[in-house]
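Numbering (this note's numbering), first residue to last: -9 to 305.
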């Protein structure tokens, strides 16, 4: 087909308009709450118990301003910090940081559940509105669930309206159904897609069975974080193509639907596998396929439900 110059320009302009319309019509969340970040400062006089000094990537000062300085497809409204340190006062350090920076919308603290001092510590921290839950990483979860004091303390966590985050290794997540049955009023949030191996292929059968078991309990939420970590690409080169992650994401979607999935980055740990912008973009591309109502739930509304991040509970 022969085109004169005017016709060519008109055709090119029309094509550009179509491309622009396609880009701007992509479904985007109204707001983004990143439900899994870590902030810390190894330069403090007392240092930090995590990360270790020999970790060249993570052993540096990491604060909200560092997160906000990174390029992302869509700005993040705020974050829920998950405390990796077992030092009690590091919980307060984050809360004090949050008092100066409203970007921190909530803290999942690290407290010694099942110990004599836990009750007083829970009372102290639960009185602060930004304290939204507890996670621990030490010990055998299977053994801890056999200890009456541990289960009693988790009932107290539930009574305070707080959640319990389940550490992502298989030996922890595999006990979450047992916990859901023992403390049915306790909201459980599974970290990092339960350590799924992300290979671009159908996920492992035992992981799928575990996901199905968890999904039967309505108080269980799944955090869509740790996807790039699941690729085990440790040079920051985890793929960006959505099809590589689709088998895992499709299984989570089928199991938990639009109301129990939460977006989280796991930054700065995720930097070992992919830049923050890529982590966010992967989730945006997948959930934008599900429509506006779903993407709003996964990127913010479900977080407000799971953590109790209601208006008036933010500084």
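Ideal placement from N, C-alpha and C gives every residue a C-beta, glycine not left out.
- A buried status is given to residue 28, since no fewer than 16 other beta-carbon atoms sit within 10 Å of its beta-carbon.
- Shortest Cα-Cα distance from residue 177 to any of 283, 138, 58 and 151 involves 151.
- The stretch 279 to 292 makes contact with the stretch 237 to 257, as at least three CB pairs between them are under 8 Å.
- Inter-residue distance for residue 141 and residue 135 is about 6 Å (C-alpha atoms, whole angstroms).
- The beta carbon of residue 173 sits closer than 7 Å to the beta carbons of 141, 144, 145 and 148 from its chain, once the five residues preceding and following it are set aside; these are given in chain order.
- Around the beta carbon of residue 73, 16 or more other beta carbons lie within 10 angstroms, which makes this residue buried.
- Contact between the stretch 110 to 128 and the stretch 56 to 75 is established, with three or more Cβ pairs separated by less than 8 Å.
- Non-local beta-carbon contacts of residue 116 in its own chain, meaning distances under 6 Å to residues more than five positions away in sequence, involve 150 in chain order.
- For residue 250, there is no enclosing beta strand (DSSP E), as DSSP marks it with neither H nor E.
- Comparing C-alpha distances from residue 271 to each of 185, 207, 42 and 65 shows the shortest one belongs to 65.
- Note that the C-beta distance between residue 68 and residue 93 is below 7 Å.
- Residue 262 is positioned such that its CB atom lies no closer than 7 Å to that of residue 236.
- Between the stretch 184 to 202 and the stretch 210 to 222 there are three or more inter-stretch CB-CB distances shorter than 8 Å, so the stretches are counted as touching.
- When the beta-carbon positions are compared, residue 19 and residue 211 stay at least 7 Å from each other.
- Checking the DSSP bridge columns, you'll see residue 153 partnered with 123 and 177.
- Spatial neighbours of residue 51 in its own chain (CB-CB distance under 8 Å, excluding positions within 5 residues in sequence) are listed in chain order as 30, 31, 32 and 33.
- Residue 72 carries a strand assignment under DSSP once its states are collapsed to helix, strand and coil.
- In the displayed model, residue 45 falls within coil according to three-state DSSP, outside both helix and strand.
- Scanning its chain for C-beta atoms nearer than 7 Å, with the 5 sequence neighbours on each side dropped, one finds around residue 198 the residues 241, in chain order.
- Residue 27 has 71 and 257 as its beta-bridge partners, per DSSP.
- The stretch 162 to 209 contains, as complete beta strand (DSSP E) runs of 3+ residues, the segments 177 to 180 (chain order).
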